[in-house]
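This report refers to the structure that appears directly beneath it.
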Amino acid sequence: MISKTIRIRFAPSPTGYLHVGGLRTALYNYLFARQNKGVFILRIEDTDRTRYVEGAVENLINTLRWAGLDFDEGPKKGGSFGPYIQSERLDIYRKYAEQLVNDGKAYYCFCTSERLEKMRDDLEGTGAFAKYDKTCLKLSQSDIEKNLAVRSTYVIRMKVPENRIIKFHDLIREEVEIASDLIDDQVLIKSDGYPTYHLANVVDDHLMKVTHVIRGEEWLPSVPKHILLYEYFGWEIPKLAHLPLLLNADRSKLSKRQGDVAVEDYKAKGYLKEGLVNFVAFLGWNPGDEREIFSLDELVKEFSLERVGKAGAIFNIEKLNWINLQHIHQKTNEDLIPILKEILSNSKYKGLNLSDEYLANVIGAMRVRINYVSGILEKSSYFFEQPQSYDENVLKKHWRQETPNQLSKLIKEYSLLQNPTKEDYETALKKTAEQLGIGAGKLIHPTRLAVSGMGEGPGLYDILFTLGKEEVIKRIETAINKIKF
RNA sequence: GGCGCUAUCGUCUAAGGGUUAGGACACCGCCCUCUCAAGGCGGGAAUACGGGUUCGAAUCCCGUUAGCGCUACCA
Numbered sequence: 080m081i082s083k084t085i086r087i088r089f090a091p092s093p094t095g096y097l098h099v100g101g102l103r104t105a106l107y108n109y110l111f112a113r114q115n116k117g118v119f120i121l122r123i124e125d126t127d128r129t130r131y132v133e134g135a136v137e138n139l140i141n142t143l144r145w146a147g148l149d150f151d152e153g154p155k156k157g158g159s160f161g162p163y164i165q166s167e168r169l170d171i172y173r174k175y176a177e178q179l180v181n182d183g184k185a186y187y188c189f190c191t192s193e194r195l196e197k198m199r200d201d202l203e204g205t206g207a208f209a210k211y212d213k214t215c216l217k218l219s220q221s222d223i224e225k226n227l228a229v230r231s232t233y234v235i236r237m238k239v240p241e242n243r244i245i246k247f248h249d250l251i252r253e254e255v256e257i258a259s260d261l262i263d264d265q266v267l268i269k270s271d272g273y274p275t276y277h278l279a280n281v282v283d284d285h286l287m288k289v290t291h292v293i294r295g296e297e298w299l300p301s302v303p304k305h306i307l308l309y310e311y312f313g314w315e316i317p318k319l320a321h322l323p324l325l326l327n328a329d330r331s332k333l334s335k336r337q338g339d340v341a342v343e344d345y346k347a348k349g350y351l352k353e354g355l356v357n358f359v360a361f362l363g364w365n366p367g368d369e370r371e372i373f374s375l376d377e378l379v380k381e382f383s384l385e386r387v388g389k390a391g392a393i394f395n396i397e398k399l400n401w402i403n404l405q406h407i408h409q410k411t412n413e414d415l416i417p418i419l420k421e422i423l424s425n426s427k428y429k430g431l432n433l434s435d436e437y438l439a440n441v442i443g444a445m446r447v448r449i450n451y452v453s454g455i456l457e458k459s460s461y462f463f464e465q466p467q468s469y470d471e472n473v474l475k476k477h478w479r480q481e482t483p484n485q486l487s488k489l490i491k492e493y494s495l496l497q498n499p500t501k502e503d504y505e506t507a508l509k510k511t512a513e514q515l516g517i518g519a520g521k522l523i524h525p526t527r528l529a530v531s532g533m534g535e536g537p538g539l540y541d542i543l544f545t546l547g548k549e550e551v552i553k554r555i556e557t558a559i560n561k562i563k564f
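Mapping of the first sequence onto the numbering used here: residues 80 to 564, in sequence order.
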């Protein structure tokens, strides 16, 4: 038997940015598609006009591309099942909704939202499930025609049968069953003519020949509605897989407020796409052994839906930091230059015209001391500007009465050097210390403070070499003048 | 409130009837060291609770509890 091509879709609504939870959903879809030599589709679910955000689709596409999740069919890219933006498919949904009405599986509803709201309010506290009371289901054909003729606004609702237990199989949750009595006569077409998620989703998944639906757990309770629709249309139901949710530290659904939630925020901070992708892949999945660092290609090979867990996972930034560092380790200094440049150009240092060589040296000095590239600006601004102040504690500990004179001696020694290497700085410093009859540390710490303003960072000679002789001497002189005992 | 889903160290997780319940992050200690990191070595830390089934349960079943999700003309 010939198995049919696996077709997978990622179907976000364009809210303005890609949520990290969305990134994980997209990633799992992508991994599953690639692993099975299937087709990965991007579909934009923009059926809520009140939430329209300018430029959101472009942003989504760019972010997915940044993460390395290329899709085979979708907006801009095209494909045989387009358009891939739902707001451009309104005629299709209307046609199928009307077909349902004709088949007696759905009906027009003219109730005002005020009436529905009042109905829900009245039911509140009674313990009853506040579902639509099916008033418009009782309308006669002539009533309906009369209403339609005067162009009353209306919606189309699906009929949901009573007393049915709807069972389905989920690739992650196994068997799930929900009583149809608890399901509302869901609106399919809204009064503005747009479809709701449920209709659009089912129609598109069928028309686009989607074989597997991999999405967030928040959709689990509405699966019965979808199953009913598939039945009404006589369509085959795709395989379902509902992913566990991503959570805040307090176990609520991951949201803004509690930290960055947009993929672009992480990109802007200088997290590597490899790091973010690797981290997010492990929120709910693991390979079953003790390996933790994976490239996207390796994930494609190893991923399996069977190993996806059921419980929600907290988005733990500490672990992300560590995983990202592991990926930084795998990069050369040169690899990271474009990222640093990008960050610099969005910072107060944007006017600086630093050479690639300089940047590479800075990266080389800082790469094991950061978790993301912008950490370089946070932890070593002295590579981009003179120290603005000198750390009080370091001052107290290492700056003595005699320090200025000792540093003056060091400056003299350094000024004699020609194109000094790191070793030259070290040799000269040690020689000076010896002549002064003091330990090298007596010179090292004050010099570090003079040159960086702080007491921690890369090896001193790395800093000096990167900064260059002129700058080093200038900064030490400045420190001698500015720091009064 | 109703319905659904979920439950192993603080966090991400492994073990799917027999293990001293394993790893990683974080934390602590030691080593390395001009500082801070990185790295190496070591340490503390978990089966939510109660009942079953079984010779034996983290694992299977039931209940409780808790958390989350859904309960829109939002997705």
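We put the CB at the ideal spot given by N, CA and C, even for glycine. Since we're looking at a predicted model, the values are computed, not measured.
Quick one: is T232 buried, meaning 16 or more other Cβ sit within 10 Å of its Cβ, or exposed? If you number the first sequence from 1, residue 232 lands on position 153. For T232, the number of other beta carbons within 10 angstroms of its own is below 16, and it is reported as exposed.
Practice problem: Thinking A176 and L267 are a contact (beta carbons under 8 Å), I'd like their distance in whole angstroms, please. | Solution: Position 97 of the first sequence, counted from the start, is the residue given in the question as residue 176. Position 188 of the first sequence, counted from the start, is the residue given in the question as residue 267. Rounded, the Cβ-Cβ distance is 5 Å, consistent with contact.
Here's a check: name, in chain order, each residue in its chain whose Cβ is nearer than 8 Å to the Cβ of E133, leaving out the five neighbours to either side. Your numbering for residue 133 matches position 54 in the first sequence. Excluding positions up to five away in sequence, the list is empty.
- What residue does the alpha helix (DSSP H) around Y109 start on, and which one ends it? Sequence index remark: in the first sequence, residue 109 carries index 30 (1-based). From DSSP, the alpha helix (DSSP H) with Y109 extends over V99 to Q114.
Beta carbon of K521, beta carbon of T482: below 9 Å? Your numbering for residue 521 matches position 442 in the first sequence. Your numbering for residue 482 matches position 403 in the first sequence. Contact flag set, yes.
Burial state of H305, where buried means 16 or more other Cβ atoms lie within 10 Å = Residue 305 sits at position 226 when you count from the first residue of the first sequence. The residue is buried, with at least 16 neighbouring Cβ atoms inside 10 Å.
My guess is that G349 and I418 are in contact by the Cβ rule of under 8 Å, so how many angstroms apart are they, rounded? The residue you call residue 349 lines up with position 270 of the first sequence. The residue you call residue 418 lines up with position 339 of the first sequence. Right, the Cβ-Cβ distance comes to about 6 Å (below 8 Å), so this counts as a contact.
**Asked** Which of helix, strand or coil does DSSP assign to D284?
**Response** What you label residue 284 is simply residue 205 of the first sequence in a count that begins at 1. It is helical.
* Going by other Cβ atoms of all chains shown within 10 Å of its Cβ, with 16 needed for buried, is S531 buried or exposed? -> Residue mapping note: residue 531 aligns to position 452 of the first sequence, counting from 1. Looking at its Cβ environment, which holds 16 or more other Cβ atoms inside 10 Å, S531 is buried.
Checklist line | L325 - DSSP class collapsed to helix/strand/coil | finding: Within the first sequence, residue 325 is the residue found at index 246, counting from 1. It is a strand residue.
Q. With respect to the beta strand (DSSP E) encompassing M198, which residues constitute its N-terminal and C-terminal limits?
A. Along the first sequence, one-based indexing puts residue 198 at 119. Here M198 belongs to no beta strand (DSSP E); instead the alpha helix (DSSP H) covers S192 to L202.
For L438 and I407, which I take to be in contact (beta-carbon distance under 8 Å), what is that distance rounded to the nearest angstrom? Locating residue 438 in the first sequence gives position 359, where the first residue counts as 1. Locating residue 407 in the first sequence gives position 328, where the first residue counts as 1. That belief does not hold up - the Cβ atoms of L438 and I407 are roughly 15 Å apart, past 8 Å.
Margin query: Using 8 Å for Cβ pairs, my map puts Y276 next to K184. What's the rounded Cβ distance?
Written below: Here the question's residue 276 lines up with position 197 in the first sequence. Here the question's residue 184 lines up with position 105 in the first sequence. Not quite, the Cβ-Cβ distance comes to about 18 Å (not below 8 Å), so this is no contact.
(request) Could you tell me whether the Cβ atoms of F150 and Y109 are closer together than 9 Å? (result) Locating residue 150 in the first sequence gives position 71, where the first residue counts as 1. Locating residue 109 in the first sequence gives position 30, where the first residue counts as 1. Yes, they are a contact pair.
(Q) With a threshold of 7 Å on Cβ separation, who are the neighbours of H477 within its own chain once the five nearest residues in sequence on each side are excluded? (A) Position 398 of the first sequence, counted from the first residue, corresponds to residue 477. These residues qualify, in order along the chain: H524, P525 and L528.
For the alpha helix (DSSP H) containing F89, name the first residue and the last one.
Residue mapping note: residue 89 aligns to position 10 of the first sequence, counting from 1. Note, F89: premise wrong, no alpha helix (DSSP H); beta strand (DSSP E) at R86 to F89.
Point to revise | Whole-angstrom distance between I262 and L202, CA atom to CA atom | key: As a working note, residue 202 is residue 123 in the first sequence. As a working note, residue 262 is residue 183 in the first sequence. Cα to Cα, L202 sits roughly 16 Å from I262.
- Task: Report the option in T511, G354 and A444 whose CA atom is closest to the CA atom of W145.
- Result: Within the first sequence, numbered from 1, the residue matching residue 145 stands at position 66. Among T511, G354 and A444, the Cα nearest to that of W145 belongs to G354.
| said: I believe L97 touches L143 by the beta-carbon criterion, under 8 Å. Please report the beta-carbon distance rounded to the nearest angstrom. | reply: Residue 97 sits at position 18 when you count from the first residue of the first sequence. Residue 143 sits at position 64 when you count from the first residue of the first sequence. 7 Å between Cβ atoms; contact.
Helix, strand or coil: which one does DSSP assign to I449? For the purposes of this step, residue 449 is taken as residue 370 along the first sequence, with counting starting at 1. The DSSP-derived three-state label of I449 is coil.
(message) Helix, strand or coil for E377? Go by DSSP, reduced to three states.
(response) For the purposes of this step, residue 377 is identified with residue 298 of the first sequence, where counting begins at 1. Helix, per DSSP.
| query | Anyone know if the C-beta pair for L324 and E296 falls short of 9 Å? | reply | Residue numbering aside, residue 324 sits at position 245 when the first sequence is read from its first letter. Residue numbering aside, residue 296 sits at position 217 when the first sequence is read from its first letter. Against a cut-off of 9 Å, the Cβ pair of E296 and L324 comes out as a contact.
(Q) Helix, strand or coil for E397? Go by DSSP, reduced to three states. (A) As a first step, residue 397 is located in the first sequence; it is residue number 318 there, counting from the start. Helix.
Distance, T290 Cα to H248 Cα: By 1-based counting over the first sequence, the position of residue 248 is 169. By 1-based counting over the first sequence, the position of residue 290 is 211. The straight-line gap from Cα to Cα measures roughly 14 Å.
Q. What residue does the beta strand (DSSP E) around R294 start on, and which one ends it?
A. Against the first sequence, residue 294 aligns to sequence position 215. Taken as a continuous stretch (DSSP letters only), the beta strand (DSSP E) holding R294 covers H291 to G295.
Quiz prompt | Residues near I257 in its chain [Cβ-Cβ closer than 8 Å; skip 5 each side] | solution = In the first sequence, residue 257 corresponds to position 178, counting from 1. Excluding positions up to five away in sequence, the list reads I244, I245, P300, V302 and P303.
Can I393 and A328 be called in contact, C-beta distance under 9 Å? As a working mapping, residue 393 is identified with position 314 in the first sequence. As a working mapping, residue 328 is identified with position 249 in the first sequence. Yes, Cβ-Cβ distance for I393 and A328 is below 9 Å.
Can you name, in chain order, every residue of its own chain whose Cβ lies under 8 Å from the Cβ of R122, other than the five neighbours on each side? For the purposes of this step, residue 122 is taken as the residue at position 43 of the first sequence. Hits under 8 Å: R88, F89, A90, G153, Y163, I164, Q165, D283 and M287.
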